[in-house]
Amino acid sequence: MAVAASLAVTGIFPKIVALGLLVGVVRGSWRCGLVVAIVVLGSWRASDATPSAPTVRAAGRLEEAVLLSTDPVPFGPGTRATARSSLGEIELVAFGSAGKSLRRRLAGERVVVLGRLERSNSATRPGQPAVRLSVTGVGDWWPGSPLMRSANRVRRTIGSGAAVLPADVRSVYLGLVMGDDRNQPRYLVDAFRASGLSHLTAVSGQNVAFVLIVVSPLLRRLPRSSRWFATIVVVGWFATLTRWEPSVIRASCMVVLSVSARWLARPVSGARLLFLSVSGLVLIDPGLARSVGFWLSASATCGLVTLGPLIRRCIPGPAVLAEAIGASASAQVGVLPVQVLVFGWPSLAGLPANLLAGPVAGAVMVWGIPAGLVGGIGPRWLAQIVHLPTHLGVSWVIKVAEVGAVLPNWIAVIAVVALVGLGWWWGVRYGRDNGLDSFGEGQ
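Here the numbering used here runs 1234 ahead of the position in the sequence shown, where the first position is 1.
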């Protein structure tokens, strides 16, 4: 609440008054002082973070080496990207041969562009550049920092190996493993959104967890301090690979706090980790408070850490089924307020769709990066072999999304009831102590 208040009072407190308040609460209750300090600090940061639109020169032209902030994406028949220039953050729009040249570049690379300056059509949206450069020519380029260079090399290698997959399968595969949904067809975007599976192609904390699973055999061999450092390096590199999406930032921050607490032998609950991560990140970058992806990520995690254990105990049957239903249901309950506010009421097909597609998508995420690297480095026949499981898994996820998008709500309810009934029968048949009876006795 203090963080939210800090963003609401932007510009009300002059900085001299803010400093006076901070000094005044030093001798009071530390909790009260902490709340006031958060409000003042957040207001201060949000005020400083408010962008000012650069002046656009009339019919001005610009020729400069700019640093790409985002990966170029399709923009109708052309290409669009965001870049840092001497004028600040600007929007690049290119068509024809210039668009094709710009499309081959990636975020973090520096490229020489020539074009005409004008006011951006996106300037009215928060966080969007106020200046557009209509690019007429693209010249030399440089690969960028060593960190971005390594991440871009991996992205290009995985993309090269995925060339053996059909276009629609390839677009979903790249979204699952790296969050790269730039080439995803519109019908698939609509299908994933309607079936409640759009979170799968938006890289999130689940991807961070699967990456740690892949590297865990190596991490376990390291000494304690080295393991802590290596985990942070892996998480930071993966966040760079996935372009520091808001959901990845939240998940990475929680992982860093978790491994740090474990290293200090001071375990922290998931709810506390979420609170510390969200509060700290919003104070560091107030712009995250306007990110729908950040809202969805934080609310889904809140549902998992608060409602997940309760729902799992209520689900009868095998532990695997209870875990799957509990995770899917708690996450969807968590994101429900945000989803209703932004996208409208969701379809009830989301729960059975996530139960059917979630485990397969998770397997593709674990398999996807190592298989993509092998396929990108080796010959085409090797890429076809290693991507056979990828093709099957992604095709299954796509089919579930397409069916879930047109599935009536009453059929979705029947499917959920059937799954719970199957779990109850399993518990009675095999005596599993995880059903409703055991939950009632435990209360």
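We put the CB at the ideal spot given by N, CA and C, even for glycine.
1) Straight-line CA distance for L1498 to T1465?
2) What is the C-beta distance between R1353 and A1364, in whole angstroms, given that I count them as a contact (C-beta under 8 Å)?
3) What separation, rounded to the nearest whole angstrom, lies between the Cα atoms of A1397 and A1428?
4) Looking at L1431 and A1591, is the spacing between their C-beta atoms short of 8 Å?
5) With burial defined as no fewer than 16 other Cβ atoms inside 10 Å of the residue's Cβ, what is the status of P1306: buried or exposed?
6) Of the residues T1391, F1577 and L1544, which one's Cα is nearest the Cα of D1749?
7) Can you grab the Cα-Cα spacing for the pair G1409 / L1544, in whole Å?
8) Taking the beta strand (DSSP E) that P1363 belongs to, which residues open and close that run?
9) Just to confirm my understanding: we take W1601, look at its own chain, exclude 5 residues before and 5 after, and list those with CB closer than 7 Å. What are they?
10) So A1315 packs on L1326, CB below 8 Å; how close in whole Å?
11) In whole angstroms, give me the CA-to-CA distance for Q1573 and R1461.
12) So what's F1309 in DSSP terms, helix, strand or just coil?
13) Where does E1557 sit, in a helix, a strand or coil, going by DSSP?
14) Rounded to a whole number of angstroms, what is the C-alpha to C-alpha distance between L1691 and E1636?
15) Could you check whether I1603 and V1411 sit closer than 8 Å to each other, using their CB atoms as the reference points?
16) Where do the ends of the alpha helix (DSSP H) carrying V1467 lie?
17) Measuring alpha carbon to alpha carbon, tell me which of L1296, V1300 and G1330 ends up nearest G1312.
18) I'd like to know whether the C-beta atoms of V1539 and G1584 end up nearer to each other than 8 Å.
19) Give the DSSP-derived three-state secondary structure of S1303 in the structure shown.
20) Between P1248 and R1484, what straight-line distance do the alpha-carbon atoms span, to the nearest angstrom?
21) Go to E1636, then tell me how far its alpha helix (DSSP H) extends in each direction, as first and last residue.
22) Which residues bound the alpha helix (DSSP H) around A1401?
23) Could you check the C-alpha separation between P1377 and R1344 for me, to the nearest Å?
24) Taking the alpha carbon of V1631 as the reference point, which residue from G1310, M1599 and L1507 has its own alpha carbon closest?
25) Cα-Cα, which of A1534, N1643 and G1606 is closest to W1579?
26) By how many angstroms is the C-alpha of D1414 removed from the C-alpha of G1527?
27) For V1449, which option in S1564, S1438, F1472 and A1649 has the closest C-alpha, if you only look at C-alpha atoms?
28) Does R1387 come out as helix, strand or coil in the three-state DSSP assignment?
29) Buried or exposed: P1586, going by 16 or more other Cβ atoms within 10 Å of its Cβ?
30) Specify the secondary structure class of V1345 as computed by DSSP and reduced to three states.
31) To the nearest angstrom, how far is the alpha carbon of L1575 from that of V1569?
32) Excluding the 5 residues preceding and the 5 following G1638 in the sequence, name in chain order all residues of the same chain whose CB lies nearer than 6 Å to its CB.
33) Using the Cα positions of R1318 and L1607, report the straight-line distance between them to the nearest angstrom.
34) So, helix, strand or coil for T1540, using DSSP?
35) How would you label I1250, buried or exposed, when you count the other beta carbons within 10 angstroms and need 16 or more for buried?
Let me spell this out:
1) As a first step, residue 1498 must be located in the sequence shown, where it is residue number 264. As a first step, residue 1465 must be located in the sequence shown, where it is residue number 231. Looking at the two C-alpha atoms, the distance is approximately 15 Å.
2) Taking the first residue of the sequence shown as 1, we reach residue 1353 at position 119. Taking the first residue of the sequence shown as 1, we reach residue 1364 at position 130. Their Cβ separation, rounded to whole angstroms, is 7 Å, which keeps R1353 and A1364 in contact under 8 Å.
3) Sequence index remark: in the sequence shown, residue 1397 carries index 163 (1-based). Sequence index remark: in the sequence shown, residue 1428 carries index 194 (1-based). The alpha-carbon atoms of A1397 and A1428 are separated by roughly 28 Å.
4) Here residue 1591 refers to the residue found at position 357 of the sequence shown. Here residue 1431 refers to the residue found at position 197 of the sequence shown. Closer than 8 Å, so yes.
5) If you number the sequence shown from 1, residue 1306 lands on position 72. In this structure P1306 is buried. Its beta-carbon is surrounded by 16 or more other beta-carbon atoms within 10 angstroms.
6) Residue 1749 lies beyond the stretch modelled for the chain, which goes from 1235 to 1677, so this question has no answer here.
7) Residue mapping note: residue 1409 aligns to position 175 of the sequence shown, counting from 1. Residue mapping note: residue 1544 aligns to position 310 of the sequence shown, counting from 1. Rounded to whole angstroms, G1409 to L1544 spans 31 Å at the Cα level.
8) As a working note, residue 1363 is residue 129 in the sequence shown. For P1363, there is no enclosing beta strand (DSSP E), as DSSP marks it with neither H nor E.
9) Counting from one through the sequence shown, the residue named residue 1601 turns up at place 367. Non-local C-beta neighbours of W1601 in its own chain, meaning closer than 7 Å and more than five positions away in sequence, comprise P1623 and T1624, ordered along the chain.
10) As a position in the sequence shown, residue 1315 is number 81, starting the count at 1. As a position in the sequence shown, residue 1326 is number 92, starting the count at 1. With a Cβ gap of about 5 Å, A1315 and L1326 count as contacting.
11) Residue numbering aside, residue 1573 sits at position 339 when the sequence shown is read from its first letter. Residue numbering aside, residue 1461 sits at position 227 when the sequence shown is read from its first letter. Cα-Cα distance, rounded: 38 Å.
12) The count along the sequence shown starts at 1 and reaches residue 1309 at position 75. In the structure shown, F1309 adopts extended strand secondary structure according to DSSP, grouped into three states.
13) Mapped onto the sequence shown, residue 1557 falls at position 323. In the structure shown, E1557 sits in a helix (DSSP, three-state: H, G or I).
14) There is no way to answer for residue 1691, as the model of the chain reaches only from 1235 to 1677.
15) Locating residue 1411 in the sequence shown gives position 177, counting from the first residue. Locating residue 1603 in the sequence shown gives position 369, counting from the first residue. Against a cut-off of 8 Å, the Cβ pair of I1603 and V1411 comes out as a contact.
16) Against the sequence shown, residue 1467 aligns to sequence position 233. Element bounds for V1467: R1458 to L1475.
17) Start at 1 with the first residue of the sequence shown, and residue 1312 comes out as number 78. Of the candidates L1296, V1300 and G1330, the one whose C-alpha sits nearest the C-alpha of G1312 is G1330.
18) Taking the first residue of the sequence shown as position 1, residue 1539 is located at position 305. Taking the first residue of the sequence shown as position 1, residue 1584 is located at position 350. One thing to note: V1539 has its Cβ no nearer than 8 Å to the Cβ of G1584.
19) As a working mapping, residue 1303 is identified with position 69 in the sequence shown. DSSP places S1303 in the coil class of the three-state scheme, outside both helix and strand.
20) Stepping through the sequence shown from its first residue, residue 1248 is reached at position 14. Stepping through the sequence shown from its first residue, residue 1484 is reached at position 250. In this predicted model, P1248 has a pLDDT of only 46, less than 50, meaning its place in the structure is not dependable; the value taken from the coordinates is given anyway. Between the alpha carbons of P1248 and R1484 lies a distance of about 30 Å.
21) Within the sequence shown, the letter at position 402 stands for residue 1636. L1622 to V1640 is the extent of the alpha helix (DSSP H) around E1636.
22) For the purposes of this step, residue 1401 is taken as the residue at position 167 of the sequence shown. Counting along the chain, A1401 sits inside the alpha helix (DSSP H) bounded by residues A1401 to M1412.
23) Here residue 1377 refers to the residue found at position 143 when the sequence shown is read from its first residue. Here residue 1344 refers to the residue found at position 110 when the sequence shown is read from its first residue. The straight-line gap from Cα to Cα measures roughly 7 Å.
24) Here residue 1631 refers to the residue found at position 397 of the sequence shown. Looking at the Cα atoms, M1599 is the closest of the given residues.
25) Residue 1579 sits at position 345 when you count from the first residue of the sequence shown. Measuring from the Cα of W1579, the nearest candidate turns out to be N1643.
26) The residue labelled residue 1527 in the question sits at position 293 within the sequence shown. The residue labelled residue 1414 in the question sits at position 180 within the sequence shown. Cα to Cα, G1527 sits roughly 15 Å from D1414.
27) Indexing the sequence shown from 1 puts residue 1449 at position 215. Nearest option by C-alpha distance: F1472.
28) Within the sequence shown, numbered from 1, the residue matching residue 1387 stands at position 153. Three-state result, R1387: helix.
29) Numbered from its first residue, the sequence shown carries residue 1586 at position 352. Counting other Cβ atoms within 10 Å of its Cβ, P1586 reaches 16 or more and is therefore classed as buried.
30) In the sequence shown, residue 1345 corresponds to position 111, counting from 1. It is a strand residue.
31) Here residue 1575 refers to the residue found at position 341 of the sequence shown. Here residue 1569 refers to the residue found at position 335 of the sequence shown. The alpha-carbon separation between L1575 and V1569 amounts to approximately 10 Å.
32) By 1-based counting over the sequence shown, the position of residue 1638 is 404. Cβ neighbours of G1638 beyond the five flanking positions: S1429, A1583 and A1587.
33) Translated into the one-based positions of the sequence shown, residue 1318 becomes position 84. Translated into the one-based positions of the sequence shown, residue 1607 becomes position 373. Rounded to whole angstroms, R1318 to L1607 spans 30 Å at the Cα level.
34) Your numbering for residue 1540 matches position 306 in the sequence shown. In this structure, T1540 counts as helix in the three-state DSSP scheme.
35) Position 16 of the sequence shown, counted from the first residue, corresponds to residue 1250. Below a pLDDT of 50, predicted positions are generally treated as unreliable, and I1250, at 45, falls in that range; the measurement from the model is reported next regardless. Answer is exposed; the Cβ neighbour count stays below 16.
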